[in-house]
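>
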Amino acid sequence: MTVFLQRLYFSLIGLFLALPLIVVAGVSVNEKQDLAFPPKGFSLAWYAEIFTNVEWRNALFASITLAALSAAVALLIALPLAWFLWRRHAPWANIFQLLGIAPFTLPPVITALGLLTFWAATGFYGQPATAVISHAIFFVTLPLVTLSLGFSSIDRSLVEAAATMGADDRTVFRTVVLPLILPYLVSGYAFAFVLSLNEYIVAYMTVGFTMETLPIKIFNALRYGYTPTMASVTILFVAIAATIFGLVARFGDLPKLLGAMSSRDQE
Amino acid sequence: MRREPPQKLTDYSPLVFPAGMLIVFFVVPFATMIAVSFFKRNPSGFYTPDFVFDNYARFLSLFFGKVLGFSLMLAIAVAICCVVLAVPFTYLLSRARRRTQVLWLVALLSILSLSEVIIGFAWSTLFSRTAGITNLFVMLGIMDQPVALNPSFGAVLTAMTYQALPYTVLVLYPALVRLDPTLTEAARTLGASPVRSFFTVVVPALRNTIVATLIMVFIFALGCYLLPQILGRPQHWTLSVLITDQAIYQSNMPFAAAMAVFLVLVTLGLVGLTIYAGRKGEAA
Amino acid sequence: MSGLTLQNVTKEFGTFTAVRNVELTVPHGTFVCLLGPSGCGKTTLMRMVAGLDLPTSGSIRLGDRDITNVPTHKRDLGMVFQSLALFPHLTVGENIAYSLRIRGVGKAEQKKRVDELLAMIHLTGYADRPVAKLSGGQRQRVAIARALAISPKLFLLDEPLSALDAKLREAMQVELRQLQQRLGITTIVVTHDQREAMTMADTVVVMNGGEIRQAAPPVEIYRRPADTFVADFIGMTNLIDFKADGAGTQVLGASVPGLTIPNSLPSGIISVRPEDVHLTAPGNAPITGTVTFVRDLGGTIETFVEAAGKQIVAVSMPNARPDVAVGQSVGIALNPDDCVVLKA
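Top to bottom, those sequences are chains S, Z and L.
FYI, in the numbering used here the residues of the first sequence are 1 to 267.
FYI, in the numbering used here the residues of the second sequence are 268 to 551.
FYI, in the numbering used here the residues of the third sequence are 552 to 895.
1) Contact between the stretch 525 to 535 of chain Z and the stretch 481 to 496 of chain Z is defined here as three or more beta-carbon pairs at a separation below 8 Å; is this criterion met?
2) Interface residues of chain S around Z/PRO296 at Cβ under 7 Å?
3) Mind listing the chain L neighbours of S/LEU158? Cutoff is C-beta to C-beta under 7 Å, in chain order.
4) At a CB distance below 9 Å, what residues from the stretch 329 to 343 of chain Z approach chain S? Give them in sequence order.
5) Contact defined as beta carbons within less than 8 Å: I believe Z/ALA527 pairs with S/VAL109. What is the distance between those atoms, to the nearest angstrom?
6) Whose C-alpha, out of L/HIS829, L/LYS718, L/GLU667, is nearest the C-alpha of L/THR839?
7) Can you find the residues in the same chain that come closer than 8 Å, C-beta to C-beta, to S/GLU212, ignoring five residues on each side of it along the sequence?
8) When you compare the CB positions of L/THR712 and L/GLU747, do they come within less than 8 Å of one another, or not?
9) Taking the continuous alpha helix (DSSP H) assigned at L/GLN558, which residues delimit it?
10) Is the CB of Z/ILE477 under 8 Å away from at least one CB in chain S?
11) Can the beta-carbon of L/VAL891 be found closer than 8 Å to that of L/PRO776?
12) Hey, out of Z/LEU506, Z/SER304, Z/ARG474, Z/PHE284, whose CA is closest to S/GLY270's CA?
13) Could you give the DSSP three-state label for Z/ALA302: helix, strand or coil?
14) Under 8 Å between the Cβ atoms of Z/PRO413 and Z/THR425?
15) Does DSSP put Z/ALA442 in a helix, a strand or coil?
16) Tell me the DSSP secondary structure of S/TYR200 in three-state form.
17) Check whether chain S comes within 8 Å of L/MET630, counting only Cβ atoms and requiring the distance to be less than that.
18) Can you grab the Cα-Cα spacing for the pair Z/ALA551 / Z/VAL468, in whole Å?
19) Residues of the stretch 207 to 221 of chain S in Cβ contact with chain Z at a cutoff of 7 Å, in chain order, please.
20) From L/PRO769 to L/ILE785, what distance separates their C-alpha atoms?
21) One question on the structure: do L/THR594 and L/ASP709 come within less than 8 Å of each other, judged by their Cβ atoms?
22) Is any beta-carbon of chain Z found at less than 8 Å from that of S/GLU267?
23) What are the complete alpha helix (DSSP H) segments, minimum 4 residues, inside the stretch 44 to 114 of chain S?
24) With distances taken from CA atoms, which of S/LEU79, S/PHE118, S/ALA129 is nearest Z/SER280?
25) How many Å lie between L/LYS625 and S/MET165 at the Cα?
26) Less than 6 Å between C-beta atoms, sequence neighbours within five positions excluded: which residues of the same chain meet that for L/THR576?
27) Between which two residues does the beta strand (DSSP E) harbouring L/GLN862 extend?
28) How big is the Cα-Cα spacing for S/VAL3 and Z/ALA342?
29) Which term fits S/ALA311, buried or exposed, when burial requires 16 or more other beta carbons within 10 angstroms of its beta carbon?
30) Does DSSP classify Z/PHE420 as helix, strand or coil?
31) How big is the Cα-Cα spacing for Z/GLU332 and S/TYR184?
32) Over the uninterrupted alpha helix (DSSP H) stretch that includes L/GLU667, give me the two end residues.
33) Tell me Z/TYR314's beta-bridge partners as DSSP assigns them.
34) Taking Cβ-Cβ distances shorter than 8 Å, what residues in chain L pair up with S/GLY166?
35) Closest to Z/TYR323 by C-alpha separation, out of Z/PHE306, Z/THR315, Z/PRO316, Z/SER338, would be which residue?
36) Just verifying my parser: in three-state terms, what is the DSSP assignment at L/ALA876?
Shown next as structure tokens:
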């Protein structure tokens, strides 16, 4: 009885989460440019459209480039910071941890508007590089959190052991710390990448008038009516996110990354 | 390894790049925004430097009061819906097999990462007359003919709950995983049914966590900027939508900045409250 | 020769003094155990020898080199950590070769040395296994081999056997001692287990409250403890008040003939090991008491006797099982040579 209720509840939540995506998936395979469900006919033409239509292809390319670069910059900011906070006793440096977490915690409109005023005031408004930096700052929280978690799980006696065997600070970092932190580095990058790919408001406020990322393109298209390519792009994005998080789960410890230390406690 | 305070100047070198980036591209823009909120609007360009309180004075209008009131009400409604749905779900999830947990976590993360644009589009499709859920009701014979369910308040609330639910689950997850399972087992041996032990043991034990989660989801919902535009009518616009609208379409940066500063203050107040609730939770 | 000398070493953490004015000489090739209850400063002392903590004052010399402020990685030591600290991302062979690799030793030579060390710890053929797949005892051996890879001048072990079960621990103690004697390496072990210290050490250093209470060979520590702390900490003992005056020495309300008190102490404590307490028929010994409890452990028999309000324990072997029952009156005979006179 309880098991049945449990299953039922899981199914209802699952249905709620899946329903919009099922409908969009259905709509995306319509043969004609109809917004119809169940789909009339079956065609994958709208998926091909993402890559054949210049506008959609450019938007996809812009989004992927932006996500790849901004996630890398976010990592470059987060790694030395997280390492320093782990390695050194410097309570005042926690202010930077706070600064790294703030952009993501505040309502996104605020970070977006702050960056818009900043880029406008400095005269860089509209340049593609500003979007990369803006996203890096906006998403630096994610690698910062995963890396802090990763560092805290490194047994400090490993570092001491390496030192007794003759390794200086730099060698310890290269031969012990970096290999152990690598899974967290990868997952931090993956989180920042996927979220940057999907981000709308910051990209829109910084480069919205000069460059179209996919979310901007979908929103612009949405204002002028419906085209099934939106549906196929949506499904593509869901697939990308699920694949990347699936890989993170496959090669890392997802429950632990999300704050559950249980899998470690069992060791 | 003992964490020594930095000894030499070079020990600080790892901080240079992160600190520089965060100061130049977060603190300075933030300060710029605050400065702009005191500037005067210049209809031909962005703004002219000044020091006026006009932008803040506009908060005192009835229109603004309505928007603020609606934003807060909507965010509270979303937070309550999410927490009510998520607490039992997360509890069951944290007791499920590891494989099941991982599958759900992947699904939740995938939906959480989805753009508001995409969520808005997906729900507008589901609520549409031609491809929407009402077609299913017609097929089942519940309705005579399909109708469009948006724009409406219900559509906005549903989509925002959809967006915030994965976030809620992921916020609750660590606390629930760490909850001592012997607590409910003890309740069971004392004669409580599973449902009863959930409400009499789990929920009270998590009271502070639930309060903190409510506040965090509230802040998350406050940041929602597109769903009210896509799925609602103008009277369903929130503060975040209004800020975007003023900044981009009305080119009134000073007013947008003033509203943003106000939103920050509300958020910071709530974060402070969350930390306070958390502290109390640790002490209890 | 690379003996170790600590001179007046003190370590303070804020207002807390973890180690106070320690003087210690460890001759080349000897095996020293730092023994004491938790919080006595033994681990801090070893960490200073390793350079993982720096002394607040005092100096540390290895051979004729002052290493007080030399960073850990330049000290050429081998250390086994309590947690073992095996690198989880490296295999057994890579763990052992780590100190050679970062010193730029060639691949072929690394492999040769790893094979030698694996043979030494009876794990030949384990080089490519991940460390997570090893048993507790095997990890222990790998940690030891890894520390010895560069033939260090100094071999340090911090509670190295604490994670092992009792049987394996005893076997490893013997193995470790034999290995140390074979290699002739100067070795320091931190432990809270006195059996472990007695088994392995040339010199046992008993510490308490950040200070060295006694540093001596195991038998001397046991037979001639320097103070009541050492007497009580090492093995079982009876600590009994005495009073001395012109008439003789009063112990448990009776005079013990032949017990002479050095330095004419008027009062103090004598320490008598339970195996040195001999039970006789009442009247055959100066002290009389009543049996309160008998614990027959098979291998030994412990008899608890109350005399002059004080509980005394006597231990006998099975072949000298005392014929007593609870409530019976007995005489207690003490041989003056077995009594260690200590300050109160």
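Cβ coordinates follow ideal geometry from the N, Cα and C atoms, glycine included.
Reading from the atomic positions:
1) yes
2) Here the question's residue 296 of chain Z lines up with position 29 in the second sequence. GLY114, LEU115, THR117, PHE118, listed in chain order.
3) The residue given as residue 158 of chain S occupies position 158 in the first sequence. Within chain L, the residues near S/LEU158 are ALA636, PHE638.
4) none
5) Looking up residue 527 of chain Z in the second sequence gives position 260. Looking up residue 109 of chain S in the first sequence gives position 109. Confirmed, about 7 Å.
6) Looking up residue 839 of chain L in the third sequence gives position 288. It is L/HIS829 whose Cα lies nearest to the Cα of L/THR839.
7) Looking up residue 212 of chain S in the first sequence gives position 212. Contacts found: GLU55, ASN58, ALA59, ALA62, ASN220.
8) For the purposes of this step, residue 712 of chain L is taken as residue 161 along the third sequence, with counting starting at 1. For the purposes of this step, residue 747 of chain L is taken as residue 196 along the third sequence, with counting starting at 1. As written in the sequence, residue 712 of chain L is Leu, which differs from the Thr given in the question. In contact: L/LEU712 and L/GLU747 (Cβ atoms closer than 8 Å).
9) Taking the first residue of the third sequence as position 1, residue 558 of chain L is located at position 7. First-last for L/GLN558: 555 to 564, but that is the beta strand (DSSP E), not the alpha helix (DSSP H).
10) The count along the second sequence starts at 1 and reaches residue 477 of chain Z at position 210. With 8 Å as the cut-off, Z/ILE477 does not count as an interface residue toward chain S.
11) Numbered from 1 along the third sequence, position 340 holds the residue referred to as residue 891 of chain L. Numbered from 1 along the third sequence, position 225 holds the residue referred to as residue 776 of chain L. Contact: yes.
12) The question about residue 270 of chain S has no answer here: the residues shown for chain S are numbered 1 through 267.
13) For this step, residue 302 of chain Z is matched to residue 35 along the second sequence. Here Z/ALA302 sits in helix by DSSP.
14) In the second sequence, counting from the first residue as 1, residue 413 of chain Z sits at position 146. In the second sequence, counting from the first residue as 1, residue 425 of chain Z sits at position 158. Their beta carbons are not under 8 Å apart, which means Z/PRO413 does not touch Z/THR425 by this criterion.
15) Residue mapping note: residue 442 of chain Z aligns to position 175 of the second sequence, counting from 1. Reduced to three states, the DSSP call for Z/ALA442 is helix.
16) Residue 200 of chain S sits at position 200 when you count from the first residue of the first sequence. Looking at S/TYR200 - three-state DSSP - the assignment turns out to be coil, as it is neither helix nor strand.
17) Along the third sequence, one-based indexing puts residue 630 of chain L at 79. Output row for L/MET630: interface = yes.
18) Working through the second sequence from its first residue, we reach residue 551 of chain Z at position 284. Working through the second sequence from its first residue, we reach residue 468 of chain Z at position 201. Any reading at Z/ALA551 needs caution, since the residue's pLDDT is 47, under 50, leaving its predicted position unreliable; the model's value is listed next. Near 15 Å, if we compare the C-alpha coordinates of Z/VAL468 and Z/ALA551.
19) PRO215, ILE218, PHE219
20) The count along the third sequence starts at 1 and reaches residue 769 of chain L at position 218. The count along the third sequence starts at 1 and reaches residue 785 of chain L at position 234. Spanning the two alpha carbons is a distance of roughly 10 Å.
21) By one-based count along the third sequence, residue 594 of chain L stands at place 43. By one-based count along the third sequence, residue 709 of chain L stands at place 158. Contact flag set, yes.
22) Here residue 267 of chain S corresponds to residue number 267 of the first sequence, with the count starting at 1. In this predicted model, S/GLU267 has a pLDDT of only 30, less than 50, meaning its place in the structure is not dependable; the value taken from the coordinates is given anyway. No, because no Cβ of chain Z sits closer than 8 Å to the Cβ of S/GLU267.
23) 45 to 52, 54 to 87, 94 to 105
24) Here the question's residue 280 of chain Z lines up with position 13 in the second sequence. For Z/SER280, the nearest C-alpha among the options comes from S/LEU79.
25) For the purposes of this step, residue 625 of chain L is taken as the residue at position 74 of the third sequence. For the purposes of this step, residue 165 of chain S is taken as the residue at position 165 of the first sequence. Looking at the two C-alpha atoms, the distance is approximately 9 Å.
26) Numbered from 1 along the third sequence, position 25 holds the residue referred to as residue 576 of chain L. Taken in chain order, the residues that qualify are THR556.
27) Translated into positions along the third sequence, residue 862 of chain L becomes position 311. Start and end: 861 to 867.
28) As a first step, residue 3 of chain S must be located in the first sequence, where it is residue number 3. As a first step, residue 342 of chain Z must be located in the second sequence, where it is residue number 75. Approximately 33 Å, taken between the alpha carbons.
29) The structure shown does not extend to residue 311 of chain S, since chain S spans only 1 to 267, so no value can be given for it.
30) Position 153 of the second sequence, counting from 1, holds the residue named residue 420 of chain Z. Z/PHE420 falls in the helix class under three-state DSSP.
31) Position 65 of the second sequence, counted from the first residue, corresponds to residue 332 of chain Z. Position 184 of the first sequence, counted from the first residue, corresponds to residue 184 of chain S. Looking at the sequence itself, residue 332 of chain Z is Gly, so the reference to Glu does not match. The alpha-carbon atoms of Z/GLY332 and S/TYR184 are separated by roughly 45 Å.
32) Looking up residue 667 of chain L in the third sequence gives position 116. That run of the alpha helix (DSSP H) goes 658 to 671.
33) Counted from its first residue, the second sequence places residue 314 of chain Z at position 47. Z/ARG308.
34) The residue you call residue 166 of chain S lines up with position 166 of the first sequence. Result: HIS624, LYS625, ASP627, SER650, ILE653, ARG654, ILE701.
35) Translated into positions along the second sequence, residue 323 of chain Z becomes position 56. Z/TYR323 has its Cα closest to that of Z/PHE306, out of Z/PHE306, Z/THR315, Z/PRO316, Z/SER338.
36) Counted from its first residue, the third sequence places residue 876 of chain L at position 325. Three-state DSSP puts L/ALA876 in coil, outside helix and strand.
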